[in-house]
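Chemist: With positions in the sequence shown counted from 1, the corresponding number in my numbering is that position plus 105.
Please find one structure pasted underneath; my questions will follow.
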Amino acid sequence: TVALVCVLSPLLAVHGVDPGCSVDGKTFQIGEQYDIPGRCAFNVCKGDNEWTQGACGAVGVPQRWELIPVDTTKPFPQCCGHAVPPHGIVPDLLDKLQWSDSLEISYDSGVKADFGNELTPTQVKNQPEVNYTAEPGEWYLLAMVDPDAPSRTEPKFRSFKHWMVGNIQGSDVSSGDVLAEYVGSGPPLGTGLHRYVFLLFKQPGKLTFEESRVSKTSADNRPSFSIQDFAEKYKLGSPVAFNLYQAQYDDYVPVVHQQLGFKTD
């Protein structure tokens, strides 16, 4: 425990001026913060031999999120433990992500997305069924993107838009406006695992989207898509639910590339 002592100068006291607080040979003015060495806590000098103390609050960890432990080498509050979304989707896709529900993503091949499990392009070639809990009378937007285009080590086309549906009434995805028809995973040979992330946003109301509609046989407006910028443009806020899987090349990928008009070997 560090003893905190306020040193009052007789001269300053005569003139009614509070000299602040001192500890470990350092002087702090009123309102200045002192980070306690070796602890993730702080004190703020109130003056007249008084300090306001603070510490980290309790950390909740949503399903499949990762807990970053306390780091006493950093100042408060950066030192506090905190939860982060899995597989680096913050900051690769979004600047931040608040506590979110999960999306149920089910394919007719019998597999499901499960917060980063590995599936194959063959298994996810057809549009999945998406289930989530919706608020009555609300409108939603669903997006599926690959932040690892063409590879995670060199994502110069981040992100590739695989699917986008806006103006979804409640949880009925089929009721929405299809902005980009579904295209399955097509990670190029030798590029390793790609992340395929599903994000659900609650819209502020029914929207008119300026973007051109993209068919399942077109790659127009799919590469270099920023879901962060798109969400800001339409004031969508933070996603209310998400899920993801990972996939790497298999024998079905050339079919996807041919479908989109890419050159295939």
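Beta carbons are placed, not taken as given, at the ideal position from N, Cα and C, and that holds for glycine.
In this text the structure is predicted, and so the values were computed from the model without any measurement.
1) How would you label Asp334, buried or exposed, when you count the other beta carbons within 10 angstroms and need 16 or more for buried?
2) Could you pull the DSSP bridge partners for Ser207 from this structure?
3) Would you say Gly221 and Leu349 are within 8 angstroms of each other, going by their C-beta atoms?
4) So if DSSP puts Val283 in a beta bridge, which residue, or which two residues, is it bridged to?
5) Keeping to the same chain, check which residues put their C-beta closer than 8 angstroms to that of Phe133; ignore five residues upstream and five downstream.
6) To which residues of the same chain is Val164 closer than 8 angstroms at the C-beta, ignoring the five residues directly before and after it?
7) Which of the three DSSP states is assigned to Gln333 in this structure?
8) Does DSSP put Asp153 in a helix, in a strand, or in coil?
9) Would you identify the three-state DSSP class for Val288, choosing helix, strand or coil?
10) With a CB to CB cut of under 7 angstroms and the five nearest residues on each side skipped, what residues in its chain are close to Gln228?
11) Within this structure, are the beta carbons of Phe262 and Val250 separated by less than 8 angstroms?
12) Kindly confirm or deny that the segment 283–293 and the segment 318–327 touch, where touching means at least three C-beta pairs closer than 8 angstroms.
13) Given this structure, state the Cα-to-Cα distance separating Ile332 from Thr313, to the nearest angstrom.
14) Excluding sequence positions up to five away, which residues of its chain have a Cβ less than 8 angstroms from the Cβ of Leu116?
15) Val358: buried (16+ other C-beta within 10 angstroms of its C-beta) or exposed?
Modeler: The answer reads as follows:
1) With fewer than 16 neighbouring CB atoms inside 10 Å of its own CB, Asp334 falls in the exposed class.
2) DSSP lists Phe347 as the bridge partner or partners of Ser207.
3) Yes, these two residues count as a Cβ contact at 8 angstroms.
4) DSSP lists Val270 as partners of Val283.
5) Excluding residues up to 5 positions away in sequence, Gly125, Cys126, Ser127, Tyr139, Cys150 lie with their Cβ nearer than 8 angstroms to the Cβ of Phe133 in the same chain.
6) So the qualifying residues of the chain are Leu172, Cys185, Gly186, His187, Ala188.
7) Gln333: helix per DSSP, three-state reduction.
8) Reduced to three states, the DSSP call for Asp153 is coil.
9) In the three-state reduction of the DSSP assignment, Val288 falls in the coil class.
10) Cβ neighbours of Gln228 within its own chain (closer than 7 angstroms, five residues either side excluded): Tyr212, Ser214, Val216.
11) Val250 sits away from Phe262, with the two beta carbons spaced by 8 angstroms or more.
12) Yes: at least three Cβ pairs fall under 8 angstroms.
13) In a straight line, the C-alpha of Ile332 is about 17 angstroms away from that of Thr313.
14) Reliability fails at Leu116, whose pLDDT of 35 lies under 50, so the model's placement of it is uncertain and no value is given.
15) Buried: at least 16 other Cβ atoms inside 10 Å.
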